[in-house]
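Residue numbers (our numbering), protein chains in the order written: chain A, 1 to 463; chain L, 464 to 926; chain D, 927 to 1389.
All C-beta atoms in this analysis are idealised placements derived from N, C-alpha and C, irrespective of residue type, glycine included.
Note that the coordinates shown come from a computational prediction; the quantities given were computed from them, not determined experimentally.
Each remark here refers to the structure printed beneath this line.
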């Protein structure tokens, strides 16, 4: 067996028993996935996944960055190829390096999928590589492994994708018109038309103008185009926006200053500082629109994108070389909060890649401002240890109710139930330690376990 | 029952037994409270506390910031009102939101007071709000709940308040002359006459001149006024100063430079950098005076005060919107330490709101400089988890003897025994893990438990 | 007894049993010590160590900084004296302050040496000071306590020293020619001829020119002198370089820019920024040479050296007043990585004194770049707690195989087996928690325990 019933629960038997009892009450709650990177097209078209290598290795930079770090070339893994020449060969390379993932959450997610979905119970090694490949390939060809069937089998209640303002959302529309009961919603992620350093920024802004019938050559038209696009997303069920800036910097410029800055930025005359200021101002503009239209705002700052120049040049964005940097919130958010921080209708969910901010900035901010909530541990930190650090460092100041449940944030559809299962186990483990410490009664812990797995996320994302 | 005998001890039965045994030896030691924000007037006048809402909700920004973060308005809680219109109504709002405090130290402190002082054993909810209110109101009217009686019941040996150099200390004088045996001492906290960004700085400096008969229009007179005021505080039993600057920056200017800077600052001609430099220089001046007069210096840096502009404008200072920021010590303290760091009579107790400095800067500094000691986890970090992080990150490099026991740092008088109890339990829990790890013998742990609860604090604060 | 069989294993009995079983399989593996500060002369000359005070107190700034922090003067400890006037007196001072080390790793290392090497089983106090002194002095005079005998008794397979490019390596040569089977290798540590802020930098560069027959007055000659010296070190078995810069900053200047900068630096005309840029460029030059000659590069950044001005002036470098500062890697390493980060033959081992970088920067970098590996917890952080933090914060993203086993990094030869023993115990404890969590099978944990204690270090350092 790859999975043990009691995995991730505290080792002390009495605490483990409390954690297990809490978990059994919530393990089967529906999955609410308010933030991730699955594709609406999968559910619109409902085509089978091609093969194990294209399902597990090629799209998942968690996986191939680890192989790359140990000397496996990206070419050998056929990264970036739209069709694979030798998927079984790629799978064998992966299998023979599987021990690199010992102690990582990736290992847990994969083992969960291997056993729970494909019935595999022997460890993946170079010796079992072909057994795995054949058994998985066979199952992937069956109707039970089509995207919609898996969505249902996973017990998903609602699933949000992440989408550009230039996306026509045809797949989302197709899902809505198909009669299928699955709830797949878009998320408004405007980085590519908000961040002047995004490749093709100005052209994208012009496209936005065309799509919306607004003159995006001027500030007012640009903002109107944003507003209209948000409206279009809302019509497809969208409840949230998402902002992946290098920093959390916000600004509160006058209309005139903002207008002039937009002009420079659009003309390509802005230096690094001006581009940062523009992104900063746009966070405040987005917050202002959220006060109007009620979209929940997510801020995901702190990643230096495309850190490896060569890998970026050869393989493009999102290929496993985004590295976190120190991130400031206390001063960075002040202009936005000064302007809008006490607005009753505003909700901003803050994420971080800099865990030193948990106790220092994020918990104190969320423990005071009514508009702020803390997103779950993100990206490099959604490990069991990272989840425990989050609860241990945030709860004392912000409590549980200023947090928003779990995000799987995944590109790997098959990892969704595994990731939610890890989060539920870790939250129950944390709650169990509070019960064992006599800081919480069991009935309170049971209520909280349910909130963390299900209630808070629906409330926080207005789902 | 709200409280369990074994709360906060490690869950593993053998370790719990060690922790419990250590704790039982020290639980009844007198409370030494060298730093806090209770009012001398309470003990001078010995009037009853008015009602539960004014005792527990209104003065405690730990409490109402959490309610505010979840959408309860400050007006509904009557924050900032000198008399309450509807204290029972405020109490009911608080009670119905009590679950927000699950997992926080505030919950533990409150439950301790509810059960130990008021005999309440049912959980506080909207349903028990009135029961609580009535039972507490009744007791508050009795002589046993007057400040002096509580001071004695709590087993307090000495209690320091925090006081402005402009404070005439009449209440402290009254206590000393009253014949009451309680030992309530002032602490010299000169921020308002040292920090040019403090509202009314120049006027306050002039008042200081009047109070001391010095010409505070010039540097030498200003320093003399400080010296005299420190002397006046010492006559009232004061043994320590306290400095709550935004950063830990120090400076070591020449007499001429300092004089010129003082002139600019007093005239209101200083920019942000110059004001920071003035605060920096004043830390070194204060250290120099401490070498002379033996007052122990406390530095509490790193809080961005009054972060929420609207709340500050409407409700004033200290209303729950102070947010920590990254804090540097290694370079910031160097000018002061270069000048005075090896002085045998100097003692500086360092605090932090930036836990990333524990292993990186604070423990290495305190593990070398004879003048430096580390204050306990402060403010947002005086939770069980925060206390454990402190010991786990500081002990390896600074040991136990470069720390100074516990500070309750509270405005909520009734929370004092609860806070000391949490600290004693957590120190015993930490010591028990070292014993269970076979890194410490039980007799050593017992000696240390006593030192952490009682001995080190008296020695560190020269009490 | 000073030592317990089960020390440092988790307290929960089932987890402790797993940890103990893992440990018993690896406790006797040979010691591979790829980084440290023992002296080749000890093994070349094989003279007895003079007395307990000169062995344990005088050379070990871990020890005397703690005494100094509590008011013991450096003079009383005869720090910096080449011969001791009163070694027994120094030992008595140390013994009477031994309780200061409670809870520190220093205590564990010392107790290990006391019991395992000298057969002492009573606790060191003022009362046992003379017993200790006499028993140790007696043993130190025997042949079994000569350096080579201890090397063999410790089970050392290979031991690296740290050496200046100006060092003629005569002791290393003598060891190689002596017929003794011990493997003592130099490490190329060029700080003194690379860092313009090092006292006597220009003179040292000129000496390097003389030693190598290169004209170090120009950039090309200087680089050639480095290349030749690396070659000379390699001939003595050296496999690694080491770089102890204040920051991790790298640069990638053009040949012309670098040449001009070298000229300024050598002439003493460089300001702080230019000196930092020169160090930054030299890291990239060293990496380029490592691509050529295969020497493994170690970067140890982040220490503010000689923080205590007075102590530095009176007692010199390395006297216990080096304090860590915040350290950036993500931006600092980019110039080097842009140039060389994907070179298959390059290996760079990164260390840190800023633990906030573990999850934020170091694990993500090492989990992607093929040239990067993470060094073990270093200096202030090689405590049991520091080792556990390292594994808990690094493994989730970088796995085990991007780490390189343990470095003892010691000046105290007798602490080597103690330090490796602590590291082996802590790694087994960490692995045991993963097994108890059902995240790892026991056979995998056993394989990893062996890798962490022995295999990875040999592979990482090309030994």
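So the candidates are the options; which of them puts its Cα closest to the Cα of residue i?
{"i": "residue 9(A)", "options": "969(D), 1378(D), 1365(D)", "result": "1365(D)"}
{"i": "residue 945(D)", "options": "955(D), 956(D), 1182(D), 932(D)", "result": "932(D)"}
{"i": "residue 300(A)", "options": "417(A), 312(A), 179(A), 328(A)", "result": "328(A)"}
{"i": "residue 284(A)", "options": "298(A), 39(A), 271(A), 272(A)", "result": "298(A)"}
{"i": "residue 418(A)", "options": "35(A), 84(A), 71(A), 115(A)", "result": "115(A)"}
{"i": "residue 420(A)", "options": "407(A), 151(A), 242(A)", "result": "407(A)"}
{"i": "residue 415(A)", "options": "57(A), 16(A), 44(A), 14(A)", "result": "57(A)"}
{"i": "residue 979(D)", "options": "993(D), 964(D), 1015(D)", "result": "1015(D)"}
Count the other CB atoms, across all protein chains shown, that sit within 10 Å of the CB of residue i; report buried if there are 16 or more and exposed otherwise.
{"i": "residue 532(L)", "result": "buried"}
{"i": "residue 86(A)", "result": "exposed"}
{"i": "residue 344(A)", "result": "exposed"}
{"i": "residue 1068(D)", "result": "exposed"}
{"i": "residue 464(L)", "result": "exposed"}
{"i": "residue 848(L)", "result": "buried"}
{"i": "residue 511(L)", "result": "exposed"}
{"i": "residue 1199(D)", "result": "exposed"}
{"i": "residue 381(A)", "result": "buried"}
Since residue i sits in a beta bridge, which residues does DSSP pair it with?
{"i": "residue 304(A)", "result": "323(A)"}
{"i": "residue 1167(D)", "result": "1114(D), 1223(D)"}
{"i": "residue 33(A)", "result": "159(A)"}
{"i": "residue 835(L)", "result": "811(L)"}
{"i": "residue 247(A)", "result": "DSSP output for residue 247(A) lists no bridge partner at all."}
{"i": "residue 403(A)", "result": "374(A)"}
Is residue j closer than 9 angstroms to residue i when the C-beta atoms are compared?
{"i": "residue 1018(D)", "j": "residue 1056(D)", "result": "yes"}
{"i": "residue 336(A)", "j": "residue 247(A)", "result": "no"}
{"i": "residue 305(A)", "j": "residue 322(A)", "result": "yes"}
{"i": "residue 659(L)", "j": "residue 628(L)", "result": "no"}
{"i": "residue 1097(D)", "j": "residue 999(D)", "result": "no"}
{"i": "residue 22(A)", "j": "residue 432(A)", "result": "yes"}
{"i": "residue 801(L)", "j": "residue 906(L)", "result": "no"}
{"i": "residue 117(A)", "j": "residue 99(A)", "result": "no"}
{"i": "residue 860(L)", "j": "residue 826(L)", "result": "yes"}
{"i": "residue 1120(D)", "j": "residue 1192(D)", "result": "no"}
{"i": "residue 34(A)", "j": "residue 158(A)", "result": "yes"}
Taking just the CA atoms, how far does residue j sit from residue i?
{"i": "residue 3(A)", "j": "residue 1360(D)", "result": "13 angstroms"}
{"i": "residue 234(A)", "j": "residue 365(A)", "result": "29 angstroms"}
{"i": "residue 230(A)", "j": "residue 208(A)", "result": "12 angstroms"}
{"i": "residue 793(L)", "j": "residue 1277(D)", "result": "19 angstroms"}
{"i": "residue 1228(D)", "j": "residue 824(L)", "result": "11 angstroms"}
{"i": "residue 1141(D)", "j": "residue 741(L)", "result": "50 angstroms"}
{"i": "residue 254(A)", "j": "residue 288(A)", "result": "14 angstroms"}
{"i": "residue 399(A)", "j": "residue 565(L)", "result": "6 angstroms"}
{"i": "residue 1086(D)", "j": "residue 1060(D)", "result": "32 angstroms"}
{"i": "residue 1382(D)", "j": "residue 78(A)", "result": "29 angstroms"}
{"i": "residue 1165(D)", "j": "residue 1301(D)", "result": "16 angstroms"}
{"i": "residue 495(L)", "j": "residue 528(L)", "result": "28 angstroms"}
{"i": "residue 1118(D)", "j": "residue 1127(D)", "result": "6 angstroms"}
{"i": "residue 276(A)", "j": "residue 545(L)", "result": "45 angstroms"}
{"i": "residue 989(D)", "j": "residue 1047(D)", "result": "20 angstroms"}
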